[in-house]
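As structure tokens, the structure follows; a few thoughts come after it.
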Amino acid sequence: QDEEKWDFVLVSSIHEAGSEKEIKRKKFLDELSKKGFTIKKIEDKKLFYGVRAPKQIFQKYQWLLRNPDSRLQNPNVHHDIPVTTRIRIVNFILQNTMTTDLEKLHDLLKKKVFEATFPLHEKEDVREFLKEKWARWRDIFCQQPIEKIRCYFGEKVALYFAWLGWYTYLLGIAAAAGLVVFVAGITVFNSSQVSKEICEASNTIMCPLCDQNCPFWLLSDTCTYAKVTHMIDNEGTVLFAMFMAIWATVFLELWKRQRATVVTNWDLYRWDEEEEELAMELINNLQHEPRQYQHSYFRSTIILLLVLVMIAVLIGIAHALVIYRVIATALFTQSDVEFLREQANTMAVMTGAVLHYITIVIMTKVNRRVALYLCDLEKPRTFSQRENNFTVKIFTFQFFTNFSSLIYIAFFLGRINGHPGNYVRIAGKWRLEECHPSGCITDLFIQMAIIMVLKQTISNVMEYLVPWITHKLCKKQQRPKKRSVMLGEEEEAEDPCKRQWLSNYELNEVNMFSLFDEFLEMVIQYSFTTIFVAAFPLAPLLAFCNNLFEIRLDAIKMMRLCRRMVPRKANDIGIWLQVLEAIGILAVIGNGLIIAITSDFIPMQVYKYTYSPCMTENSTGMDCLTGYINHSLSVFRIQDFEPHTEVPKMLLDFVRDEIKECRYRDYRNTSDYSYTVQFWHIFAARLAFLILFEHVALCIKLIAAWYVPDVPQSVKNEFLHRKHSNLRKELSMMEYSTEV
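If you use UniProt numbering, the sequence shown corresponds to residues 1 to 740, in order.
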């Protein structure tokens, strides 16, 4: 039984005898034979080579990396090595075996000498358990068997699922809070004074939204829009943004505790990756010299410059999206379809968001290429160092790809477009877009909603359907072969390995980025749920629902649709932790900026406590925001329109010459259109709020980080107990040996 266990399978096409590829393949397999590997060949439409490593390789590994505490035991006692470690060692040796032509396995894979290499999904109890109890849709609300995942896929995958489970669990709390804020917005703030004033402003004439074909319009036309804005933009959102900044910190602190608890039982708490890598190098080749650490300032500078160039390109793409929206608005307003004319702005924002989603999909592929190229330039020493460098670069690129458009909408839209009679124009022709009179936050809400819904539904469907369809197609292609075997009865006693190897080969291939992609997807989602949460309180709820599916989706993919991953050892989620901490700080800054700059929270408070009727007159029964809308709109004289703007069509109920002025959203004087005192007052209040919010939130983050210890006391006590009992055992053995 044990003899038939194969560590790895190499697959190759059937090459002509004597061809270059065949010679290269033979050389590689000869090198493996010299190292004592057993090789078994099975021929089908392809050639399959099963390789099994000799026992002494694993004995060397155990001897080199034995636990210093267990050195007292008899060195000849060999415990069975776990399958995951076995696969990892064999994979390392395969990747680092060099032929006489100085080629390694990845060179041979590039030259199509071999087509694929993979460890096998074995018929183990663990696998059956995971298939039944984990990789099923019906277990969507069940606890994950992290220990079993580790036994089958190794520590790195287990830590990913432990992290994802913990993140989803805590997202539940954030989702509930977000839902409460949103529902409160719908019920409590539906009847706010500001939206009431907008709905009643049936004789406030607003300046046209574009140069040609746009009429004057009445403020009361946008009644529903104002109500929607006030569902999002209210006092509840400010508290919720504060809550999410603290939630992000507490989540990370609690994860550190959770991780310490999980890792203690794995005996990896003080595991050293470098030592393990050196040990495997020596087992593979005793003459091996380790690569030195190197650092070149010149190379780092070049890479930094290239990263900045790439970021500039990504910001350029965001600019292109802005220009698209401006031109789209202009074209929609000249359209013959009445619906498009009236909803020009909303349509431009929505199509812009879809376009943004498409650029995200395309740029993700480009970013990966660029990040890999930059990693090759850097020449990192070890695989894990390479992975860390790659992670930081691709996360930076992805962050700008995903968020530059949102940053524009949140902080620049409607603030850089000038005023009637003196608009900022693109190419001297098209006017920059403006915010809606009831605030910019709705635009941000629409953009967030579209991107999050599209991103999560489409990417999840694709992530599951593509492997599933490829798997089914592969199976179909392999079927006819078996029928012909059925007819010839004497061939029926086929090798039991053959079926297993074939079925493993039919599965989708995995590469070293398979797990990385899952992590990246989750971290970008985490950014969406924390950074712009003030504009979209439903983000945590969407993320929570998505993650419940994501966990099972990944599980089904790994267990049923993909080849087995090469297990990796790890005692932490690595550099992702620093990335998540950085996002936590960005979340505080981002939410502070949204409340201070994007939302109308500050102007309303300034009005309420400085200019409102409550302050100037002693009227008690009145809402303090009465008159806010009139106060926040400036007056523009129609005679001051730019020469090439046609004076727009009049409203039906007004005679042409009656309209002498229109209103627009800004704080400017009527005489010379310079900023009013109120503008500077509000500007100061925004800055003061921003500084206060960020300092308070960061202080709370620091206090939370200090308050929650990273390592639970139970784990520390466990270590204490272990050390104590080991020392006691050693002492008693010493006394025993001296007595003898």
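Glycine residues also receive a C-beta, built at the ideal position from the N, C-alpha and C atoms.
Note that the structure is predicted; figures quoted are calculated from it, not measured.
*Kindly list the residues whose CB is nearer than 7 angstroms to the CB of Asn389, restricted to its own chain and excluding five residues on each side of it in sequence; keep chain order.*
Stepping through the sequence shown from its first residue, residue 389 is reached at position 389. So the list reads Cys375, Glu378 and Pro380, once near-sequence residues are dropped.
*What are the boundary residues of the alpha helix (DSSP H) that includes Ile87?*
Locating residue 87 in the sequence shown gives position 87, where the first residue counts as 1. Element bounds for Ile87: Val83 to Asn96.
*Would you kindly work out how many angstroms separate the C-alpha atoms of Ile629 and Gln343, rounded to a whole number?*
As a first step, residue 629 must be located in the sequence shown, where it is residue number 629. As a first step, residue 343 must be located in the sequence shown, where it is residue number 343. Between the C-alpha atoms of Ile629 and Gln343 there is a straight-line separation of about 22 angstroms.
_Close beta carbons around residue 754, own chain, < 8 angstroms, minus the five adjacent residues each side_ = There is simply no residue 754 to check, as the chain begins at 1 and stops at 740 in what is shown.
*Is the distance from the Cβ of Ile232 to the Cβ of Thr442 below 8 angstroms?*
By one-based count along the sequence shown, residue 232 stands at place 232. By one-based count along the sequence shown, residue 442 stands at place 442. A Cβ-Cβ contact shorter than 8 angstroms links Ile232 with Thr442.
*Exposed or buried, which one is Arg150 when buried takes at least 16 other CB atoms within 10 Å?*
For this step, residue 150 is matched to residue 150 along the sequence shown. Buried is the call here.
*Determine the direct distance from the alpha carbon of Glu581 to that of Leu702, and round the result to whole angstroms.*
Here the question's residue 702 lines up with position 702 in the sequence shown. Here the question's residue 581 lines up with position 581 in the sequence shown. Straight-line Cα distance between these residues: approximately 12 angstroms.
*Leaving out the 5 sequence neighbours to the left and right, which residues in its chain are closer than 7 angstroms to Pro648 when beta-carbon positions are compared?*
Within the sequence shown, residue 648 is the residue found at index 648, counting from 1. Result list for Pro648: Pro208, Cys214, Pro215 and Phe216, in chain order.
*Where the beta strand (DSSP E) through Ser405 begins and ends*: For the purposes of this step, residue 405 is identified with residue 405 of the sequence shown, where counting begins at 1. Here Ser405 belongs to no beta strand (DSSP E); instead the alpha helix (DSSP H) covers Phe383 to Phe411.
*Hey, Phe92 and Met280: beta-carbon distance below 8 angstroms or not?*
As a position in the sequence shown, residue 92 is number 92, starting the count at 1. As a position in the sequence shown, residue 280 is number 280, starting the count at 1. It is a contact, given that the beta carbons lie within the stated cut-off.
*Compute the Euclidean distance between the alpha carbons of His419 and Phe532, then round it to the nearest angstrom.*
For the purposes of this step, residue 419 is taken as the residue at position 419 of the sequence shown. For the purposes of this step, residue 532 is taken as the residue at position 532 of the sequence shown. Separation of His419 and Phe532 (C-alpha to C-alpha, rounded to the nearest whole angstrom) is 28 angstroms.
*Could you give the DSSP three-state label for Met206: helix, strand or coil?*
Counting from one through the sequence shown, the residue named residue 206 turns up at place 206. In the structure shown, Met206 sits in a strand (DSSP, three-state: E or B).
*Excluding five sequence neighbours on each side, which residues of the same chain lie with their C-beta closer than 6 angstroms to the C-beta of Phe284?*
For the purposes of this step, residue 284 is identified with residue 284 of the sequence shown, where counting begins at 1. Just to set this straight, residue 284 is Asn in the shown sequence, not Phe. Once the five neighbours on either side are set aside, the close Cβ partners of Asn284 are Ile93 and Asn96.
*From what residue to what residue does the alpha helix (DSSP H) around Cys614 run?*
Within the sequence shown, residue 614 is the residue found at index 614, counting from 1. Going by DSSP, Cys614 is part of the alpha helix (DSSP H) stretching over Pro613 to Thr616.
*Whole angstroms is fine: what's the gap from Glu739's alpha carbon to Gln500's?*
Position 739 of the sequence shown, counted from the first residue, corresponds to residue 739. Position 500 of the sequence shown, counted from the first residue, corresponds to residue 500. In a straight line, the C-alpha of Glu739 is about 58 angstroms away from that of Gln500.
*asked:* I'd like the list of long-range same chain contacts for Gly414, defined as Cβ closer than 6 angstroms, with 5 residues on each side in sequence excluded.
replied: The residue given as residue 414 occupies position 414 in the sequence shown. Contacts found: Glu434, Cys435 and Cys440.
*Can you tell me whether Ile140 is buried or exposed, with buried defined as 16 or more other CB within 10 angstroms of its CB?*
As a working note, residue 140 is residue 140 in the sequence shown. Answer is exposed; the Cβ neighbour count stays below 16.
*When you compare each of Gly36, Gly574 and Cys624 to Arg386 by their alpha carbons, which one comes out closest?*
Within the sequence shown, the letter at position 386 stands for residue 386. The candidate whose alpha carbon is nearest that of Arg386 is Gly574.
*For Ile450, which residues of its own chain have a beta-carbon under 6 angstroms away from its beta-carbon, when the five flanking residues on both sides are left out?*
What you label residue 450 is simply residue 450 of the sequence shown in a count that begins at 1. These residues qualify, in order along the chain: Ala353.
_Own chain partners of Glu730 with C-beta closer than 6 angstroms, once the 5 adjacent residues on each side are dropped_ = In the sequence shown, the residue the question calls residue 730 occupies position 730. Counting only Cβ-Cβ distances below 6 angstroms, and skipping sequence neighbours, we find nothing.
*asked:* Quick check: Asn547 and Thr168, are their CB atoms within less than 8 angstroms of each other?
replied: Position 547 of the sequence shown, counted from the start, is the residue given in the question as residue 547. Position 168 of the sequence shown, counted from the start, is the residue given in the question as residue 168. Yes, Cβ-Cβ distance for Asn547 and Thr168 is below 8 angstroms.
*Using CA coordinates, which residue listed in Thr99, Gln62 and Met98 is at the minimum distance from Pro82?*
Along the sequence shown, read from residue 1 onward, the residue named residue 82 stands at position 82. For Pro82, the closest C-alpha among the options Thr99, Gln62 and Met98 is that of Gln62.
*Could you give the residue range of the beta strand (DSSP E) that holds Phe8?*
Along the sequence shown, one-based indexing puts residue 8 at 8. Note, Phe8: beta strand (DSSP E), Phe8 to Ser12.
*Would you report the Cα separation of residue 789 and Arg431, rounded to the nearest angstrom?*
The displayed coordinates of the chain run from 1 to 740. Any statement about residue 789 would go beyond what the structure contains.
*Beta carbon of Leu625, beta carbon of Ser612: below 8 angstroms?*
Here residue 625 corresponds to residue number 625 of the sequence shown, with the count starting at 1. Here residue 612 corresponds to residue number 612 of the sequence shown, with the count starting at 1. Taking 8 angstroms as the Cβ cut-off, Leu625 and Ser612 qualify as a contacting pair.
*Straight-line gap, Trp6 to Lys45 (C-alpha atoms, nearest Å)*: The residue given as residue 6 occupies position 6 in the sequence shown. The residue given as residue 45 occupies position 45 in the sequence shown. For Trp6 and Lys45, the distance between alpha carbons rounds to 20 angstroms.
*Where does Lys660 sit, in a helix, a strand or coil, going by DSSP?*
By 1-based counting over the sequence shown, the position of residue 660 is 660. The answer is coil: DSSP assigns Lys660 none of H, G, I, E or B.
_Sequence-distant residues of the same chain with beta carbon closer than 7 angstroms to His356, five excluded per side_ = Locating residue 356 in the sequence shown gives position 356, where the first residue counts as 1. For His356, where only same-chain residues beyond five positions count, the Cβ hits under 7 angstroms are Leu321, Ser405 and Ile451.
*Where the alpha helix (DSSP H) containing Glu642 begins and where it ends*: In the sequence shown, counting from the first residue as 1, residue 642 sits at position 642. Looking at the DSSP string, Glu642 is not in any alpha helix (DSSP H), and its letter there is neither H nor E.
*Assigned exposure category for Ala17 - 16 Cβ within 10 Å defines buried*: Position 17 of the sequence shown, counted from the first residue, corresponds to residue 17. Taking a 10 Å sphere around the C-beta of Ala17, we find fewer than 16 other C-beta atoms and assign the residue as exposed.
*Just checking, does the stretch 108 to 123 make contact with the stretch 558 to 567 on the three C-beta pairs under 8 angstroms criterion?*
With a cut-off of 8 angstroms, the stretch 558 to 567 and the stretch 108 to 123 count as touching, because enough Cβ pairs lie within range.
*Quick one: what does DSSP say Glu115 is sitting in, helix, strand or coil?*
Reading the sequence shown from its first residue, position 115 is the one you call residue 115. Under the three-state reduction of DSSP, Glu115 is assigned to coil, being neither helix nor strand.
_Pairwise C-alpha distance: Lys55 and Val11_ = On the sequence shown, position 11 is the one that residue 11 refers to. On the sequence shown, position 55 is the one that residue 55 refers to. Between Val11 and Lys55, the alpha-carbon positions lie close to 24 angstroms from each other.
*Name the one or two DSSP bridge partners that Ser634 has.*
For the purposes of this step, residue 634 is identified with residue 634 of the sequence shown, where counting begins at 1. Tyr664, per the DSSP bridge assignment.
*So which of Thr84, Ile205, Glu128 and Val313 has the shortest CA-CA distance to Gly154?*
Taking the sequence shown and counting its residues from 1, the one referred to as residue 154 is at position 154. Each of Thr84, Ile205, Glu128 and Val313 was checked against the Cα of Gly154, and the nearest Cα belongs to Thr84.
*Does the separation of the CB atoms of Glu103 and Lys24 fall below 8 angstroms?*
Taking the sequence shown and counting its residues from 1, the one referred to as residue 103 is at position 103. Taking the sequence shown and counting its residues from 1, the one referred to as residue 24 is at position 24. In this structure, Glu103 lies near Lys24, with their beta-carbon atoms less than 8 angstroms apart.
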